[in-house]
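Novice:
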Amino acid sequence: MANPMRIRATTSSGVTEVKALMSHPMETGMRKDSSGAAVPAHHITTVIAKHNDKVVLTAEWGAAVSQNPFLQFRFSGGAPGDKVAISWTDNKGDSRTDEVVLT
Amino acid sequence: MNMQRRSFLTITGSALAMAATALLLPVRAFAQWVRPQAAFEAKGLDATFAAMGGTPEASADITFMAPEIAENGAVVPVNVTSKIPGTTEISILVEMNPNPLAAIFVFPEGTEAAVQTRVKVSQTCRLHAVVRANGKLYGTSRETKVTLGGCGG
Amino acid sequence: MNRNPIQRLLVALILTVPVATVQAREDDIFAEYRAMFGEDNPAELVEMQGEELWNAARGPKQVALDGCDLGLGAGVTKGAYAQLPRWFEDAGKVMDLETRLLFCMERLQGLDVAALRKQPYSEQGQQQTDLESLSAFIAAQSRGLPIAVPQSHPAERAAFASGAKFFNFRGGPHDFSCATCHSQDGKRIRLQSLLQLNSVEGAKASFATWPAYRIAQGAVRTIEWRMADCARQQRLPGLVHGSQVAIDLITYLGVQANGAVLTAPGLKR
């Protein structure tokens, strides 16, 4: 499994806290490789988080979000069995979705 | 391209949506929120604020945490909470980055107007947390010092 | 060096020095920065990849690494990292985690590890190597356990003695030894504290945190990587991967660190 995502979602007092670590090089396009050539920009542009079918967060990112990005946010609700899914798309058109089930 | 945007174009008429996208403006009238690419590509803080809609009004109701000194500017944790009612967006800007706008977070009803993430800070400078609430921009800022570590590597 | 004085000294030190991980120094200007990371370490992503690799049937023999004995029995991962480097009868030598992993990959799975031996660590922008991922996973299985690098076999004691000798060996164009930077308390280079690595306190503070996600590298790096990188910074000839010098140095550091609770995989600048 290349590029895994680690999602932790815990519910307490009616609020679900989501912490996600995403695997992504987040290249700015300014770094030079060992031959002196600029490594092309390669970074996540859009992130969408869903609780079951509802979008609970959208994010638009530039290259200045750190490599292997971290994201933490909280939304109301969340019951055992509910799904929290996080999807990202990058500037090369690659995308990935991972989800967890609330316990 | 994400799934929601694709289906949006099919439903509402692609010509109009594509024209709006081509203008690279944040489109408030449409149900879907469009990435303000011009704001991400703006150079310098003033140009970035202009592309976002204007200079934010200073607000004490934004809690913005960032380390005073970062051991490595490549990964700087930031934590923003907005207590301003009607908050729909939080943006993070790094003043001296080539393109100051690093990230925009959009909050629907039911999601706390608060976020933690990690950004690249190219040199010691001010970091800005900008909130859009009821269409208006508010902001606060703080400085993070970036250091050069150890023996190199 | 004979065994008894060292053992008595170690026991005395372990009893007097707190076993818990050394806390941040009072003058630690990076405490706020490090605290803001919480428990969310990108190393976890690499651990996940390592776990997949460990359990995957690979190579011509199509077996997983669950037959690999890291010192506590075939397939036993919990606590294994905490007791490495150590003597392995089937190999006839003291091995650290990485040399042992290569041994298992070659012997059990029939994998050709020549390429890995040549380039054990990833470059910027590359996926982490199998060695790095497996190291992160195996180290995580010892998290929370006390370091217990053994000194019961003569070869283990010889490795410690050699490691100590090399620690003090001055060489290269700058005439640097490890001791040049790491033999005094309270020193720093730029804003980085230089741990005193020939002391129990310094060794504990260091050894407990490796392998670690190194922000400057954008990757998980191992203790053997760190030794090699130090050699580079000292302008010494390259430290050959899997060489006895590398293993001896790690043994020297590890034995001094015995008793400290492993917090690895760590998160570093």
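Read top to bottom, the protein sequences are chains S, H and E.
For what it's worth, the working numbering labels the leading residue of the first sequence as 1, then goes sequentially.
For what it's worth, the working numbering labels the leading residue of the second sequence as 104, then goes sequentially.
For what it's worth, the working numbering labels the leading residue of the third sequence as 257, then goes sequentially.
C-beta atoms are modelled at their ideal positions from N, C-alpha and C, and glycine is treated no differently.
1) Can you have a look at D346/E and say buried or exposed, based on whether 16 or more other CB atoms are within 10 angstroms of its CB?
2) Per DSSP, H42/S forms a beta bridge with which residues?
3) Between K92/S and chain E, is there a C-beta pair that is closer than 8 Å?
4) Is the distance from the Cβ of V197/H to the Cβ of A205/H below 8 Å?
5) Using a Cβ-Cβ cutoff of less than 7 Å, which residues in the same chain neighbour A435/E once the five nearest sequence positions on both sides are dropped?
6) Is the distance from the Cβ of E174/H to the Cβ of T250/H below 8 Å?
7) When we look at the beta-carbon of G62/S and count the other beta-carbons within 10 Å, is it buried (16 or more) or exposed?
8) Whole angstroms is fine: what's the gap from P4/S's alpha carbon to P429/E's?
9) Here's the rule I'm using: 16 or more other beta-carbon atoms within 10 Å means buried, otherwise exposed. How should D431/E be labelled?
10) Got a sec? Which residues, its chain only, sit under 6 Å from P180/H by beta carbon, not counting five neighbours each side?
11) From T214/H to Q512/E, what does the alpha carbon distance come to, in whole angstroms?
12) Any Cβ of chain H within less than 8 Å of the Cβ of A371/E?
13) Would P80/S pass as an interface residue toward chain E - the criterion being a Cβ-Cβ separation below 8 Å?
14) What three-state label does DSSP hand Q305/E in the structure shown?
15) Grab me the residues of W343/E's own chain with a C-beta within less than 7 Å of its C-beta, minus the 5 sequence neighbours each way, in chain order.
16) Do you know offhand how far D441/E's Cα is from Q452/E's?
17) Please report whether the beta-carbon of E171/H lies at a distance below 8 Å from any beta-carbon of chain S.
18) Counting only C-beta atoms, is L301/E closer than 8 Å to chain S at any point?
19) Using the C-alpha atoms, what's the distance from A287/E back to L447/E?
20) From which residue to which residue does the beta strand (DSSP E) around P180/H run?
21) Please state the DSSP three-state secondary structure of T115/H.
22) Can you check DSSP and say which residues form a bridge with P402/E?
23) Suppose only complete runs of 4+ residues qualify. What are the alpha helix (DSSP H) ranges in the region 421 to 505 of chain E, listed by chain order?
24) Output needed for A487/E: all residues of its chain with C-beta closer than 6 Å, excluding positions within five of it in sequence on either side, in chain order.
25) Hey, is S66/S's beta-carbon within less than 8 Å of any beta-carbon in chain H?
26) Using three-state DSSP, classify F143/H as helix, strand or coil.
27) Drop a sphere of 10 angstroms on the beta-carbon of D284/E, count the other beta-carbons inside from all chains shown, and report buried for 16 or more, exposed for fewer.
28) Starting from G381/E, find everything on chain S with Cβ-Cβ shorter than 8 Å and list it in chain order.
29) Check whether chain E comes within 8 Å of N200/H, counting only Cβ atoms and requiring the distance to be less than that.
30) Considering only DSSP beta bridges, list what A330/E is partnered with.
31) Out of curiosity, what's the CA-to-CA distance linking R6/S and R525/E?
32) Take A420/E and list the residues in its own chain whose beta-carbon comes closer than 8 Å to its own, dropping the five residues that flank it on each side.
33) Which residue from M168/H, A163/H, K223/H and P203/H puts its Cα closest to that of F152/H?
34) Could you give the first and the last residue of the continuous beta strand (DSSP E) run that contains Y241/H?
35) Taking P211/H as the query, report the chain S residues whose CB atoms sit under 9 Å from its CB, ordered along the chain.
36) Leaving out five residues before and five after P10/S in sequence, what residues of the same chain have Cβ atoms less than 6 Å from its Cβ?
Specialist: Result, derived from the coordinates:
1) Sequence index remark: in the third sequence, residue 346/E carries index 90 (1-based). D346/E comes out exposed.
2) Stepping through the first sequence from its first residue, residue 42/S is reached at position 42. Under DSSP, H42/S forms a beta bridge with E27/S.
3) Counting from 1 along the first sequence, the entry for residue 92/S is found at position 92. Answer no: the Cβ-Cβ gap between K92/S and chain E never drops below 8 Å.
4) Residue mapping note: residue 197/H aligns to position 94 of the second sequence, counting from 1. Residue mapping note: residue 205/H aligns to position 102 of the second sequence, counting from 1. Contact: yes.
5) To locate residue 435/E, count along the third sequence from 1; it is residue 179. F423, N424 and N454.
6) Locating residue 174/H in the second sequence gives position 71, where the first residue counts as 1. Locating residue 250/H in the second sequence gives position 147, where the first residue counts as 1. In this structure, T250/H lies closer than 8 Å to E174/H by Cβ.
7) Along the first sequence, read from residue 1 onward, the residue named residue 62/S stands at position 62. With 16 or more neighbouring CB atoms inside 10 Å of its own CB, G62/S falls in the buried class.
8) The residue given as residue 4/S occupies position 4 in the first sequence. The residue given as residue 429/E occupies position 173 in the third sequence. Near 44 Å, if we compare the C-alpha coordinates of P429/E and P4/S.
9) Mapped onto the third sequence, residue 431/E falls at position 175. The residue is exposed, with fewer than 16 neighbouring Cβ atoms inside 10 Å.
10) As a working note, residue 180/H is residue 77 in the second sequence. So the qualifying residues of the chain are R221.
11) Position 111 of the second sequence, counted from the start, is the residue given in the question as residue 214/H. Position 256 of the third sequence, counted from the start, is the residue given in the question as residue 512/E. Whole-angstrom Cα-Cα distance: 50 Å.
12) As a working note, residue 371/E is residue 115 in the third sequence. So, not an interface residue.
13) Position 80 of the first sequence, counted from the start, is the residue given in the question as residue 80/S. By this cut-off, P80/S is not an interface position.
14) Translated into the one-based positions of the third sequence, residue 305/E becomes position 49. DSSP places Q305/E in helix when its eight states are reduced to three.
15) Position 87 of the third sequence, counting from 1, holds the residue named residue 343/E. Counting only Cβ-Cβ distances below 7 Å, and skipping sequence neighbours, we find V350, H409, A411 and E412.
16) Locating residue 441/E in the third sequence gives position 185, where the first residue counts as 1. Locating residue 452/E in the third sequence gives position 196, where the first residue counts as 1. Distance between the alpha carbons of D441/E and Q452/E is about 5 Å.
17) As a position in the second sequence, residue 171/H is number 68, starting the count at 1. No, E171/H lies away from the interface with chain S (no Cβ there is under 8 Å from its Cβ).
18) Translated into positions along the third sequence, residue 301/E becomes position 45. With 8 Å as the cut-off, L301/E counts as an interface residue toward chain S.
19) Sequence index remark: in the third sequence, residue 447/E carries index 191 (1-based). Sequence index remark: in the third sequence, residue 287/E carries index 31 (1-based). Cα atoms of L447/E and A287/E: separation of roughly 12 Å, rounded to the nearest angstrom.
20) One-based indexing of the second sequence puts residue 180/H at position 77. Unbroken beta strand (DSSP E) run through P180/H: V179 to S185.
21) One-based indexing of the second sequence puts residue 115/H at position 12. Because T115/H sits at a pLDDT of 37, beneath the cut-off of 50, its placement in the model cannot be relied upon, and the following sentence gives the value as read from the coordinates. Helix, per DSSP.
22) Mapped onto the third sequence, residue 402/E falls at position 146. P402/E pairs with V517/E.
23) 434 to 438, 456 to 463 and 479 to 489
24) Residue 487/E sits at position 231 when you count from the first residue of the third sequence. The residues are L495.
25) As a working note, residue 66/S is residue 66 in the first sequence. S66/S counts as touching chain H.
26) The residue given as residue 143/H occupies position 40 in the second sequence. DSSP places F143/H in helix when its eight states are reduced to three.
27) By one-based count along the third sequence, residue 284/E stands at place 28. Label assigned to D284/E: exposed.
28) For the purposes of this step, residue 381/E is taken as the residue at position 125 of the third sequence. Within 8 Å Cβ-Cβ: P25, E27, R31, D33 and V39.
29) For the purposes of this step, residue 200/H is identified with residue 97 of the second sequence, where counting begins at 1. No - not a single Cβ of chain E is within 8 Å of the one on N200/H.
30) Mapped onto the third sequence, residue 330/E falls at position 74. According to DSSP, A330/E bridges with D325/E.
31) If you number the first sequence from 1, residue 6/S lands on position 6. If you number the third sequence from 1, residue 525/E lands on position 269. For R6/S and R525/E, the gap between their C-alpha atoms comes out near 21 Å.
32) Within the third sequence, the letter at position 164 stands for residue 420/E. Here the set comprises N454 and Y508.
33) By one-based count along the second sequence, residue 152/H stands at place 49. When each option's Cα is compared against that of F152/H, the closest is P203/H.
34) Along the second sequence, one-based indexing puts residue 241/H at 138. Element bounds for Y241/H: K239 to V249.
35) On the second sequence, residue 211/H is found 108 positions in, with the first residue counted as 1. By Cβ distance, chain S contributes K54, V55, V56, L57, T58 and F75.
36) Along the first sequence, read from residue 1 onward, the residue named residue 10/S stands at position 10. Checking the sequence, you will find Thr at residue 10/S rather than Pro. Setting aside the 5 residues that flank it on each side, T10/S is surrounded in the same chain by E17, each with a C-beta closer than 6 Å to its C-beta; the list follows chain order.
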